[in-house]
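Using the working numbering, the letters of the sequence shown correspond one by one to residues 27 to 93.
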Amino acid sequence: MTDSDIFEQKLDRLIGLCQQLKRENQALREREAGLVGERGELLEKNEMARQKIETMINRLRNLSAEQ
Numbered sequence: 027m028t029d030s031d032i033f034e035q036k037l038d039r040l041i042g043l044c045q046q047l048k049r050e051n052q053a054l055r056e057r058e059a060g061l062v063g064e065r066g067e068l069l070e071k072n073e074m075a076r077q078k079i080e081t082m083i084n085r086l087r088n089l090s091a092e093q
């Protein structure tokens, strides 16, 4: 096996590794985008729940004040 053959094999492995890392990077970016979207939805639901609880507390306070 000549030096050029060894170099070619190493270069092929390096190219393969770069391609694999590129695919993994893309998958991670897609996952991150999904998680960011999910986080936004959860924050929105949390805010809605907070508002409902605040409304219920105010109603209870009003009922208590009326009695």
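Glycine included, every Cβ here is placed at the ideal spot set by N, Cα and C.
{"Check": "Extent of the continuous alpha helix (DSSP H) run through T81", "Outcome": "29-92"}
{"Check": "Separation of D29 from L61, as counted between CA atoms", "Outcome": "47 Å"}
{"Check": "Alpha-carbon to alpha-carbon, R65 and E73", "Outcome": "12 Å"}
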